[in-house]
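Sequential numbering from 3 applies to the sequence shown in our numbering. Structure record follows, encoded as structure tokens.
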Amino acid sequence: MNLFEKMFNYQIMSRLEDSGTFTVTAHERVWLKKMLEHPSAPEAFAPSTMEKLRLMLEREPGLDFTDAFIEKARNVEKQVYHPLLRLLRRVIMNQNALKITFQVKDGRSFNEQRGFPFKLEYSMVKREWYLLWHHLGKRAFMSTKLQNIVSITEEPFPADEADRLSKRITDILETRKETALIEVVQAYNKELSRILYAFSCFDKEVSYDTGTDTYRIVLTFLGDESETILSKIRFLGKRVRVIESGKLQRRMLETATKALERYHQLEKQDVEVR
């Protein structure tokens with residue numbers, strides 16, 4: 003494809019995006035038709051949207067995987083989609099309040115607590131959806147699993163108050179963020195894609211120093227996610243090292259020291275036996 007063809011294609015795509023038009027390939031249409039057969043599809047789409055999509059895809063060939071795959075038995079996986087997602091997304095877009103009934107770990111229930119929803123967040127580590135919201139009664143920032151929410155009712159909320167709370171929650175989340183600088187050991191530069199995949203659940207920026215042929219990764223994460231970061235670093239072993247983050251460096255040193263002490267004790271026992 004020459005330069006003029008690329009420019010022409012870019013102009014066409016830009017005009018389509020500006021008009022709200024999305025282009026899909028034949029393969030994408032076939033896969034979409036198959037996905038609409040999934041049991042959770044009616045919960046993910048409004049009835050009118052489901053009907054419209056089915057009519058548009060009526061002439062597309064179907065996919066039949068009946069005899070194509072044989073799947074071994076496995077543990078029951080949690081569904082990525084949750085029935086409350088559509089309702090909560092609408093409430094957040096409208097910047098309205100809600101009355102929420104939810105449960106906590108010890109089984110206690112809290113009925114019709116007034117709150118302002120701020121954000122829906124999916125944890126790739128825990129495979130759970132969370133609702134980040136402000137408790138209007140306790141004036142506290144809350145994070146609640148969607149699976150612990152029993153019911154939700156939307157309520158109108160003043161626009162100026164919604165803007166104020168949104169800014170406040172944003173500031174709270176910013177103060178809870180931490181950063182760490184991870185350096186890839188030069189001998190393992192070829193495994194960069196594997197290393198980045200290990201940190202795929204977190205916000206990151208990658209830089210490359212041509213002078214030293216070194217990749218560095220700046221990770222941004224919440225404070226309560228530091229143990230997950232540590233588990234990823236331990237998994238990668240000698241491929242990476244923590245350059246900046248006193249907290250992570252201390253925890254890695256503590257882990258290594260305990261491991262060495264454990265093996266040192268085993269070595270002493272072996273000598274005594276001999």
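Just so it is clear, CB atoms sit at the ideal spot from N, CA and C, and this is done for glycine as well. Because the structure is a prediction, the values reported are computed rather than measured.
Counting Cβ pairs, one atom from each stretch, are 3 or more of them under 8 Å apart for the region 148-162 and the region 124-138? They touch, by the three-pair rule.
Suppose you measure from the CA of Phe112 to the CA of Glu193; what does that come to, to the nearest Å? The sequence position of residue 112 within the sequence shown is 110, counting from 1. The sequence position of residue 193 within the sequence shown is 191, counting from 1. The alpha-carbon atoms of Phe112 and Glu193 are separated by roughly 49 Å.
Assuming contact is defined by CB atoms lying nearer than 8 Å, are Leu100 and Val106 in contact in what I supplied? Stepping through the sequence shown from its first residue, residue 100 is reached at position 98. Stepping through the sequence shown from its first residue, residue 106 is reached at position 104. It is not a contact, given that the beta carbons lie outside the stated cut-off.
Could you name the residues of the same chain whose beta carbon sits closer than 6 Å to that of Pro44, not counting the 5 residues immediately before and after it, in chain order? Walking along the sequence shown from the start, residue 44 turns up at place 42. If we look at Pro44 and ignore the five residues flanking it on each side, it has no Cβ neighbours.
Report, in whole angstroms, the separation of the C-beta atoms of Phe104 and Ala164, which I expect to be a contact under 8 Å. As a working mapping, residue 104 is identified with position 102 in the sequence shown. As a working mapping, residue 164 is identified with position 162 in the sequence shown. The C-beta separation of Phe104 from Ala164 comes to about 21 Å, leaving the pair out of contact by the 8 Å criterion.
Quick one: Cα of Ile197 to Cα of Arg56, how far? On the sequence shown, residue 197 is found 195 positions in, with the first residue counted as 1. On the sequence shown, residue 56 is found 54 positions in, with the first residue counted as 1. Each residue's Cα considered, the two are about 41 Å apart.
Check each candidate in His29, Gln97, Ile231 and Arg236 and name the one with the smallest Cα separation from Ala161. Here residue 161 refers to the residue found at position 159 of the sequence shown. For the residues His29, Gln97, Ile231 and Arg236, the minimum Cα distance to Ala161 belongs to Gln97.
Lys192 by DSSP, collapsed to three states: which one? Taking the sequence shown and counting its residues from 1, the one referred to as residue 192 is at position 190. Correct three-state label for Lys192: helix.
Compute the distance between the beta-carbons of Val220 and Leu183, then report whether it is under 8 Å. Here residue 220 refers to the residue found at position 218 when the sequence shown is read from its first residue. Here residue 183 refers to the residue found at position 181 when the sequence shown is read from its first residue. A Cβ-Cβ contact shorter than 8 Å links Val220 with Leu183.
Residues of its chain near Ser125, where Cβ-Cβ distance is below 7 Å and the 5 sequence neighbours each way are ignored: If you number the sequence shown from 1, residue 125 lands on position 123. Closer than 7 Å at Cβ, skipping near neighbours: Tyr132.
Which one of Leu250, Asn150 and Arg116 has the shortest CA to CA distance from Asp108? The residue given as residue 108 occupies position 106 in the sequence shown. Selected option, being the one with the closest Cα: Asn150.
Check whether Lys234 and Ala200 have beta carbons under 8 Å apart: Mapped onto the sequence shown, residue 234 falls at position 232. Mapped onto the sequence shown, residue 200 falls at position 198. Yes, the Cβ-Cβ distance between Lys234 and Ala200 is below 8 Å.
Closest by CA to Leu122, which one among Leu138, Phe159 and Leu86? For the purposes of this step, residue 122 is taken as the residue at position 120 of the sequence shown. When each option's Cα is compared against that of Leu122, the closest is Leu86.
Take Phe120 as the anchor and find which of Glu185, Met95 and Ile14 has the nearest alpha-carbon. Working through the sequence shown from its first residue, we reach residue 120 at position 118. When each option's Cα is compared against that of Phe120, the closest is Met95.
Under 8 Å, do Glu180 and Gly225 count as touching if we go by C-beta distance? Start at 1 with the first residue of the sequence shown, and residue 180 comes out as number 178. Start at 1 with the first residue of the sequence shown, and residue 225 comes out as number 223. Their beta carbons are under 8 Å apart, which means Glu180 touches Gly225 by this criterion.
Once DSSP output is grouped into helix, strand and coil, what is the label at Asp211? Looking up residue 211 in the sequence shown gives position 209. If DSSP states are grouped into helix, strand and coil, Asp211 belongs with the strands.
On the DSSP bridge assignment, give the partners of Lys101 in chain order. As a first step, residue 101 is located in the sequence shown; it is residue number 99 there, counting from the start. Note: Lys101 sits in a beta bridge opposite Arg116 and Thr155.
What residue from Phe237, Arg218, Thr230 and Thr257 has the CA that sits closest to Glu246's CA? Position 244 of the sequence shown, counted from the first residue, corresponds to residue 246. Considering only Phe237, Arg218, Thr230 and Thr257, the residue with the shortest C-alpha distance to Glu246 is Arg218.
Going by C-alpha to C-alpha distance, which of Val82, Ser16, Gly213 and Leu232 sits closest to Lys147? Position 145 of the sequence shown, counted from the start, is the residue given in the question as residue 147. Comparing alpha carbon positions, the residue from Val82, Ser16, Gly213 and Leu232 closest to Lys147 is Val82.
Using the C-alpha atoms, what's the distance from Ala46 back to Trp33? Taking the sequence shown and counting its residues from 1, one reaches residue 33 at position 31. Taking the sequence shown and counting its residues from 1, one reaches residue 46 at position 44. Straight-line Cα distance between these residues: approximately 16 Å.
Shortest alpha-carbon distance to Gly64 belongs to which of Arg116, Arg243 and Glu39? Here residue 64 corresponds to residue number 62 of the sequence shown, with the count starting at 1. That would be Glu39, whose Cα lies nearest to the Cα of Gly64.
Residue closest to Leu250, alpha-carbon to alpha-carbon, out of Tyr265, Thr27, Glu114 and Thr230: Residue numbering aside, residue 250 sits at position 248 when the sequence shown is read from its first letter. Ranking Tyr265, Thr27, Glu114 and Thr230 by Cα distance to Leu250 puts Thr230 first.
Quick one: grab the DSSP three-state call for Leu183. The sequence position of residue 183 within the sequence shown is 181, counting from 1. Note: Leu183 maps to strand in three-state DSSP.
Pull up the distance between the alpha-carbon of His137 and that of Ser202, whole angstroms please. In the sequence shown, the residue the question calls residue 137 occupies position 135. In the sequence shown, the residue the question calls residue 202 occupies position 200. Taking the straight line from one Cα to the other gives about 31 Å.
Rounded C-beta distance between Glu62 and Arg31? I'm assuming under 8 Å. Within the sequence shown, the letter at position 60 stands for residue 62. Within the sequence shown, the letter at position 29 stands for residue 31. Indeed they touch by this definition, with Cβ atoms about 5 Å apart.
Quick check: Phe223 and Phe204, are their CB atoms within less than 8 Å of each other? Your numbering for residue 223 matches position 221 in the sequence shown. Your numbering for residue 204 matches position 202 in the sequence shown. Yes. Within cutoff.
Roughly how many whole angstroms lie between the Cα atoms of Pro158 and Ser145? Translated into positions along the sequence shown, residue 158 becomes position 156. Translated into positions along the sequence shown, residue 145 becomes position 143. Distance between the alpha carbons of Pro158 and Ser145 is about 21 Å.
Let's test the definition: count the other Cβ atoms within 10 Å of the Cβ of Lys260 and tell me whether it reaches 16, buried, or not, exposed. Within the sequence shown, the letter at position 258 stands for residue 260. Lys260 should be labelled exposed.
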